[in-house]
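Student: At position 68 of the sequence shown (counting the first as 1) the number is 70 in the numbering used here, and the numbers step up by one without a gap.
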Amino acid sequence: MTVPANRRNVFYQQDKLNSLRLILLSDACHSSSCKLFFSNDPVKIVKAKGQYMYDENGRQYLDCINNVAHVGHCHPDIIKAAHEQNQLLNTNSRYLHDNLVDYAERLSKTLPEKLRIFYFLNSGSEANDLALRLARQYTKHEDVIVLDHAYHGHLTSLIDISPYKFRNLEGQKEWVHVAPVPDTYRGLYREDHEDAVTAYADEVKNTIEQAHKRGRKIAAFFVESLPSVGGQIIPPAGYFQKVAEHVHKAGGVFIADEIQVGFGRVGKHFWAFQLQGEDFIPDIVTMGKPIGNGHPLACVATTKEIAEAFAATGVEYFNTFGGNPVSCAIGLAVLDVIEKEHLQAHATEVGNFLMKILKEQQIKHPIIGDVRGCGLFIGVDLIKDQAERTPATAEAEDLITRLKERYILLSTDGPGRNVLKFKPPMCFNMEDAKFVVETIDEILTDMEKECLSQ
Ligand SMILES: Cc1ncc(COP(=O)(O)O)c(C=O)c1O
Numbered sequence: 003m004t005v006p007a008n009r010r011n012v013f014y015q016q017d018k019l020n021s022l023r024l025i026l027l028s029d030a031c032h033s034s035s036c037k038l039f040f041s042n043d044p045v046k047i048v049k050a051k052g053q054y055m056y057d058e059n060g061r062q063y064l065d066c067i068n069n070v071a072h073v074g075h076c077h078p079d080i081i082k083a084a085h086e087q088n089q090l091l092n093t094n095s096r097y098l099h100d101n102l103v104d105y106a107e108r109l110s111k112t113l114p115e116k117l118r119i120f121y122f123l124n125s126g127s128e129a130n131d132l133a134l135r136l137a138r139q140y141t142k143h144e145d146v147i148v149l150d151h152a153y154h155g156h157l158t159s160l161i162d163i164s165p166y167k168f169r170n171l172e173g174q175k176e177w178v179h180v181a182p183v184p185d186t187y188r189g190l191y192r193e194d195h196e197d198a199v200t201a202y203a204d205e206v207k208n209t210i211e212q213a214h215k216r217g218r219k220i221a222a223f224f225v226e227s228l229p230s231v232g233g234q235i236i237p238p239a240g241y242f243q244k245v246a247e248h249v250h251k252a253g254g255v256f257i258a259d260e261i262q263v264g265f266g267r268v269g270k271h272f273w274a275f276q277l278q279g280e281d282f283i284p285d286i287v288t289m290g291k292p293i294g295n296g297h298p299l300a301c302v303a304t305t306k307e308i309a310e311a312f313a314a315t316g317v318e319y320f321n322t323f324g325g326n327p328v329s330c331a332i333g334l335a336v337l338d339v340i341e342k343e344h345l346q347a348h349a350t351e352v353g354n355f356l357m358k359i360l361k362e363q364q365i366k367h368p369i370i371g372d373v374r375g376c377g378l379f380i381g382v383d384l385i386k387d388q389a390e391r392t393p394a395t396a397e398a399e400d401l402i403t404r405l406k407e408r409y410i411l412l413s414t415d416g417p418g419r420n421v422l423k424f425k426p427p428m429c430f431n432m433e434d435a436k437f438v439v440e441t442i443d444e445i446l447t448d449m450e451k452e453c454l455s456q
């Protein structure tokens, strides 16, 4: 339907009224702790397909951030798998079922041989909480080392190990120790340091020594394989090996949180921890978000020794929904689509292209301080000045607001909320990459002109 020019304003006002009504209703019944994207002018999305989302007026948005819709929003193979299994059976994992065993077997093929025991759960937070329990039971120690600005989930146990959250609450628990982020762009040791890998790993060693002096004992080093909330950081290769050496020596285990970054997102590897080198194997890996393409599913993979120590307590582990036949059918379908559609190779190809054209923008726009990433996990660090690399927080916020006005959904991360984060559905293509970068170029050019005219 074409709306006559003289009626357009009426339609626009009706839209605004509907949105206002929804915001008021939402404010009345949904906790104010739950935040909307673009809260000044939120978007109502009613459907999605692939890498695109559609609002109530049929306007198409390019989704550059939803890593949960890993193989694409509403992928027909995933819907079919869920529907077919739903028609047959959905129950808990106290009965034998092919799906659970098949799924565990398929997942084990993606991981180093040592990680062959699986627990299935419903969310990333559940997975990380269980990882914590496994580590503590196995080591008989309590303490955890985390990286600064990390986020590992919303349960009480995980808020405690998430500096991103606990810094705004009562603070740091005595059993939590914070090590610096191995960020070679704006961290303690930068690209010009002669051996940033050893320097950052020595910080962890130091943290362990300080903890020991206080009579504390380390259960785990808990880390995202690529710190995302921390600012889309790519830890230098070899860092995890050195850290694992220190942590193992202290009797602790290495937990890799792959909840944001696993399942082929980094392109050349299935798991982001593999970027560190073939000689690195974590003791526990946690998975979530992309694993079910939007269906609540999560997993913990660990060694036989750790699982046996956990079972030795005699306390059974039961999870009502974890590992049900529908979830496992969906998990299997996600793995099938990643393979069938060659999404890892696609992530490498499109990711490399996106990095290349973003780096061209870096030469043109001084606000772009750094472009870093791997596959379809990319961060663009916006700065106010080259010398201090001061985060351009307000400018980043302005940029993502203007992108949204042009129907591109992007967001920011990092302690300075100045890092544009790209982690789109894996079907994001070359045309999408070109479109978003051209639009960023136009907006940054406008922002520069506005700045000069002020
Ligand atoms: C790195 C990381 N770990 C764990 C979680 C928690 O996952 P969930 O929200 O599914 O509980 C998140 C969620 O954002 C995350 O980013």
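Backbone N, C-alpha and C fix where the C-beta goes; we use that ideal spot for every residue, glycine too.
On a predicted model such as this, the values are computed, not experimentally measured, just so you know.
DSSP three-state call for residue 284: helix, strand or coil?
Tutor: Along the sequence shown, one-based indexing puts residue 284 at 282. In this structure, residue 284 counts as coil in the three-state DSSP scheme.
Student: I need the DSSP call for residue 140, collapsed to helix, strand or coil.
Tutor: Here residue 140 corresponds to residue number 138 of the sequence shown, with the count starting at 1. Three-state DSSP puts residue 140 in a helix.
Student: Can you name the residues that DSSP bridges to residue 413?
Tutor: Counted from its first residue, the sequence shown places residue 413 at position 411. DSSP, once it has assigned bridges, lists 423 as partnering residue 413.
Student: Measuring only the C-alpha atoms, how far is residue 219 from residue 249?
Tutor: As a position in the sequence shown, residue 219 is number 217, starting the count at 1. As a position in the sequence shown, residue 249 is number 247, starting the count at 1. C-alpha separation (whole angstroms): 10 angstroms.
Student: Report yes if the C-beta distance between residue 425 and residue 360 is below 8 angstroms; otherwise report no.
Tutor: Locating residue 425 in the sequence shown gives position 423, counting from the first residue. Locating residue 360 in the sequence shown gives position 358, counting from the first residue. Contact flag unset, no.
Student: Give me the DSSP bridge partner(s) of residue 330.
Tutor: By 1-based counting over the sequence shown, the position of residue 330 is 328. Bridge partners of residue 330: none, in fact.
Student: By Cβ distance below 6 angstroms, which residues in the same chain neighbour residue 391 in space, the five residues on each side in sequence not counted?
Tutor: Numbered from its first residue, the sequence shown carries residue 391 at position 389. Within the same chain, residue 391 has close Cβ partners 188, 371, 385.
Student: Is residue 185 closer than 8 angstroms to residue 235 when the C-beta atoms are compared?
Tutor: Here residue 235 refers to the residue found at position 233 of the sequence shown. Here residue 185 refers to the residue found at position 183 of the sequence shown. It is a contact, given that the beta carbons lie within the stated cut-off.
Student: In chain order, what residues of the same chain have a beta carbon less than 8 angstroms from the beta carbon of residue 82, not counting five sequence neighbours either side?
Tutor: Numbered from 1 along the sequence shown, position 80 holds the residue referred to as residue 82. These residues qualify, in order along the chain: 335.
Student: Report the CB separation of residue 84 from residue 297 in whole angstroms; it is logged as a contact under 8 angstroms.
Tutor: As a first step, residue 84 is located in the sequence shown; it is residue number 82 there, counting from the start. As a first step, residue 297 is located in the sequence shown; it is residue number 295 there, counting from the start. Rounded, the Cβ-Cβ distance is 7 angstroms, consistent with contact.
Student: Tell me, which residues are paired with residue 148 by DSSP?
Tutor: If you number the sequence shown from 1, residue 148 lands on position 146. Partner(s): 180, 224.
Student: Less than 7 angstroms between C-beta atoms, sequence neighbours within five positions excluded: which residues of the same chain meet that for residue 72?
Tutor: Along the sequence shown, one-based indexing puts residue 72 at 70. For residue 72, where only same-chain residues beyond five positions count, the Cβ hits under 7 angstroms are 265, 292, 295, 336, 427, 428.
Student: Please name the residue, chosen from 362, 346, 309, that lies closest to residue 431 on a Cα-to-Cα basis.
Tutor: One-based indexing of the sequence shown puts residue 431 at position 429. Taking only the C-alpha atoms, the option nearest residue 431 is 346.
Student: Please determine if the stretch 133-142 and the stretch 206-226 are in contact, where contact requires at least 3 C-beta pairs separated by less than 8 angstroms.
Tutor: Because the criterion of three Cβ pairs below 8 angstroms is met, the stretch 133-142 and the stretch 206-226 touch.
Student: Please state whether the Cβ-Cβ distance between residue 406 and residue 40 is less than 8 angstroms.
Tutor: Counted from its first residue, the sequence shown places residue 406 at position 404. Counted from its first residue, the sequence shown places residue 40 at position 38. Contact flag set, yes.
Student: In whole angstroms, what is the alpha-carbon distance linking residue 231 and residue 260?
Tutor: Stepping through the sequence shown from its first residue, residue 231 is reached at position 229. Stepping through the sequence shown from its first residue, residue 260 is reached at position 258. Whole-angstrom Cα-Cα distance: 13 angstroms.
Student: Please classify residue 453 as buried or exposed, where buried requires at least 16 other C-beta atoms within 10 Å of its C-beta.
Tutor: As a first step, residue 453 is located in the sequence shown; it is residue number 451 there, counting from the start. Residue 453 comes out exposed.
Student: Can at least three beta-carbon pairs, one atom from the stretch 123-136 and one from the stretch 146-164, be found at a separation below 8 angstroms?
Tutor: Yes: the two stretches touch, three or more of their Cβ pairs being nearer than 8 angstroms.
Student: Quick one: give me the first and last residue of the beta strand (DSSP E) that residue 375 is part of.
Tutor: Against the sequence shown, residue 375 aligns to sequence position 373. Per DSSP, residue 375 belongs to the beta strand (DSSP E) from 370-376.
Student: Per the DSSP calculation, residue 382 is bridged to which residue(s)?
Tutor: Stepping through the sequence shown from its first residue, residue 382 is reached at position 380. In the DSSP output, where bridge partners are listed per residue, residue 382 has 373, 422.
Student: Please report the distance separating the alpha-carbon of residue 43 from that of residue 27.
Tutor: For the purposes of this step, residue 43 is taken as the residue at position 41 of the sequence shown. For the purposes of this step, residue 27 is taken as the residue at position 25 of the sequence shown. Distance between the alpha carbons of residue 43 and residue 27 is about 15 angstroms.
Student: Which stretch, first to last residue, makes up the beta strand (DSSP E) that contains residue 54?
Tutor: Here residue 54 corresponds to residue number 52 of the sequence shown, with the count starting at 1. Looking at the DSSP string, the run of the beta strand (DSSP E) that includes residue 54 is 54-57.
Student: Keeping to the same chain, check which residues put their C-beta closer than 6 angstroms to that of residue 312; ignore five residues upstream and five downstream.
Tutor: Counted from its first residue, the sequence shown places residue 312 at position 310. Contacts found: 136, 139.
Student: Thinking residue 411 and residue 65 are a contact (beta carbons under 8 angstroms), I'd like their distance in whole angstroms, please.
Tutor: Residue mapping note: residue 411 aligns to position 409 of the sequence shown, counting from 1. Residue mapping note: residue 65 aligns to position 63 of the sequence shown, counting from 1. With 8 angstroms as the limit, residue 411 and residue 65 qualify as a contact, their Cβ atoms being about 5 angstroms apart.
Student: Identify whether residue 3 lies in helix, strand or coil by the three-state DSSP scheme.
Tutor: Mapped onto the sequence shown, residue 3 falls at position 1. Bear in mind that a pLDDT of 42 at residue 3, under 50, signals an unreliable position, so the number given afterwards is only what the model happens to contain. In the structure shown, residue 3 sits in coil (DSSP, three-state: anything other than H, G, I, E or B).
Student: On a Cα-Cα basis, can you pick out the residue from 447, 69, 76 that is closest to residue 48?
Tutor: Here the question's residue 48 lines up with position 46 in the sequence shown. It is 76 whose Cα lies nearest to the Cα of residue 48.
Student: Please go through the same chain and pick out, in chain order, the residues whose beta-carbon is closer than 8 angstroms to the beta-carbon of residue 435, but skip the five residues on each side of it.
Tutor: Working through the sequence shown from its first residue, we reach residue 435 at position 433. Excluding residues within five positions, the ones whose Cβ falls inside 8 angstroms are 352, 355, 356, 359.
Student: Could you tell me the distance, in whole angstroms, from the CA atom of residue 52 to the CA atom of residue 363?
Tutor: In the sequence shown, counting from the first residue as 1, residue 52 sits at position 50. In the sequence shown, counting from the first residue as 1, residue 363 sits at position 361. Their backbone Cα atoms lie some 27 angstroms apart in a straight line.
Student: Given that a residue counts as buried once 16 or more other Cβ atoms are within 10 Å of its Cβ, and exposed if not, what is residue 423?
Tutor: Position 421 of the sequence shown, counted from the first residue, corresponds to residue 423. When all chains shown are included, residue 423 counts as buried.
Student: Could you spell out the range, first to last residue, of the alpha helix (DSSP H) harbouring residue 242?
Tutor: One-based indexing of the sequence shown puts residue 242 at position 240. 241-251 is the span of the alpha helix (DSSP H), which, as asked, contains residue 242.
Student: Does the Cβ-Cβ distance between residue 461 and residue 274 come in under 8 angstroms?
Tutor: Since the first residue of the chain shown is 3 and the last is 456, residue 461 is not available in this structure.
Student: Output the distance between the C-alpha atoms of residue 108 and residue 271, rounded to the nearest integer angstrom.
Tutor: Along the sequence shown, read from residue 1 onward, the residue named residue 108 stands at position 106. Along the sequence shown, read from residue 1 onward, the residue named residue 271 stands at position 269. Taking the straight line joining both Cα atoms gives about 16 angstroms.
Student: Between 246, 323, 242, which lies nearest to residue 509 when the distance is taken from Cα to Cα?
Tutor: The displayed coordinates of the chain run from 3 to 456. Any statement about residue 509 would go beyond what the structure contains.
Student: Can you grab the Cα-Cα spacing for the pair residue 304 / residue 380, in whole Å?
Tutor: Position 302 of the sequence shown holds residue 304. Position 378 of the sequence shown holds residue 380. Going by the C-alpha atoms only, they are around 28 angstroms apart.
Student: Quick check: the Cα distance between residue 147 and residue 127, rounded to an integer number of angstroms?
Tutor: Position 145 of the sequence shown, counted from the first residue, corresponds to residue 147. Position 125 of the sequence shown, counted from the first residue, corresponds to residue 127. Each residue's alpha carbon lies about 17 angstroms from the other.
Student: Thinking C-alpha only, which one of 374, 448, 102, 387 is nearest residue 229?
Tutor: One-based indexing of the sequence shown puts residue 229 at position 227. Per the Cα distances, 374.
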